[in-house]
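In what follows, a structure is listed as structure tokens, so that the remarks can point back to it.
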Amino acid sequence: MANGKNFNLFLMDGEATGRIKCTLANWTGIAYKIPRTYLEKCKERADLKQSGVYFLFGKNNQDEEQVYIGQADVRNDGTGVLSRIIQHSIKDKEKDKEYFSDVVILTTQNNSFGKTEISYLENRFTNLAIDNARYTVINKNTPNGSNVTEEKESELEDFIDYSKMILGVLGYKIFVPLIKKQVEIQSKEDQEELMLYISAKRKGAEKPTKGQCKRTDEGFVILAGSMIETNYTESTPNSVRLLKEKCIENNEIIDGILQKDKLFSSPSYAASFVLGRSINGKELWKTKEGLSLNDLETKEME
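Last residue of the sequence shown: 285 (this note's numbering), numbering continuous.
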């Protein structure tokens, strides 16, 4: 069982929709969540004139979550990370677009970040975000990292671990894996309870369509490698059709095989995505032993 963490959230404007400052006991870092419309109010904050790493969060035209990850060093005129973010905002206005609505800034209480540190962090955060694939990372190129000593690397990795938790606390699951890694599963029994399977043969098909998913705290994650039926029936929900078409267009489904893990809020929606028809997912998703999800949940409530 992981140790608990005590995060300190300060509502700088006295409201949850305003600016939030986040600190953690025994951590030298500081995190700020700032709505885009509040950036000008932060100009005089000394710690935002330091070096730091920033995340620009927004949505694209398809209402999908996206993020730009960057870093900024202290400039000769005494400005730092906030000034760089304001430049992004100005450029957006000039191009008549707004690709971000909120900002998260990571810096330190003791102004200890130099160019080497922020370059390392920018590279690591970008690669982690790409690997988790919850957000579309809109950086044109993956930022270059920097060579650091093993002592400094250990220090920065600690900073990254705390930062990943803080981003989640602030409402951004950008670094939260869709499914737990094997080392995070407490026991073999837990693993078997989490894993579910589905198999059904469409009329006229040579072989059944088979999929696997894991039940998580967020919902149901269909695992990469699952077979996905690309034909539809009249009962197929339109939302499933549109999602599949989009996945095929983005090469997330290739030759009927899912290329990356996909999260769904309900077992029936997940089952419809795999089998291409409206279906009761609680009956079709089953454990390795053949117990349906419906029966499993009934057993768990006893």
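Every residue, glycine too, gets a C-beta built ideally from N, C-alpha and C.
Just so you know, these numbers come straight off a predicted model, no measurement behind them.
How many Å lie between residue i and residue j at the Cα?
i	j	result
residue 189	residue 115	35 Å
residue 15	residue 217	49 Å
residue 253	residue 264	7 Å
residue 260	residue 282	28 Å
residue 278	residue 178	14 Å
residue 184	residue 192	6 Å
residue 208	residue 231	14 Å
residue 150	residue 187	48 Å
residue 268	residue 256	13 Å
residue 173	residue 58	Bear in mind that a pLDDT of 47 at residue 173, under 50, signals an unreliable position, so the number given afterwards is only what the model happens to contain. In a straight line, the C-alpha of residue 173 is about 52 Å away from that of residue 58.
residue 2	residue 62	20 Å
residue 199	residue 280	13 Å
residue 44	residue 243	22 Å
residue 28	residue 130	31 Å
residue 65	residue 240	44 Å
residue 203	residue 139	33 Å
residue 0	residue -14	29 Å
residue 220	residue 113	30 Å
residue 71	residue 273	54 Å
Where do the ends of the beta strand (DSSP E) carrying residue i lie?
i	result
residue 284	Per DSSP, residue 284 belongs to no beta strand (DSSP E); it is in the alpha helix (DSSP H), 276 to 284.
residue 286	With the chain represented from -16 up to 285, any question about residue 286 goes unanswered, as that position is not in the structure.
residue -9	-10 to -6
residue 17	12 to 18
residue 40	35 to 42
residue 3	3 to 7
With distances taken Cα to Cα, identify the nearest neighbour of residue i among the options.
i	options	result
residue 145	-7, 135, -5 and 7	7
residue 82	98, 95, 120 and 109	120
residue 224	209, 202 and 258	258
residue 95	11, 233 and 152	11
residue 22	-2, 249, 60 and 88	88
residue -12	148, 123 and 128	148
residue 111	161, 99, 276 and 73	161
residue 85	97, 131 and 18	18
residue 235	210, 107 and 215	210
residue 117	137, 126, 155 and 129	155
residue 141	125, 152 and 100	100
residue 122	233, 240, 35 and 39	39
residue 50	105, -6 and -8	105
residue 103	65, 71, 60 and 52	52
residue 127	109, 137 and 133	109
residue 213	201, 226 and 163	226
residue 197	159, 182 and 247	247
residue 194	250, 70, 48 and 201	250
residue 9	182, 60, 159 and 92	92
Run through the DSSP bridge pairs and tell me what residue i is partnered with.
i	result
residue 246	204
residue 178	197
residue 50	40 and 120
residue 210	240
residue -1	According to DSSP, which records beta bridges pairwise, residue -1 is partnered with nothing at all.
residue 192	183
residue 55	35
The alpha helix (DSSP H) with residue i in it runs from where to where?
i	result
residue 264	264 to 267
residue 99	98 to 115
residue 226	221 to 232
residue 133	133 to 152
Can the beta-carbon of residue i be found less than 8 Å from the beta-carbon of residue j?
i	j	result
residue 107	residue 143	yes
residue 180	residue 245	no
residue 13	residue -4	no
residue 37	residue 73	no
residue 25	residue 152	no
residue 41	residue 54	no
residue 98	residue 56	yes
residue 285	residue 275	no
residue 33	residue 90	yes
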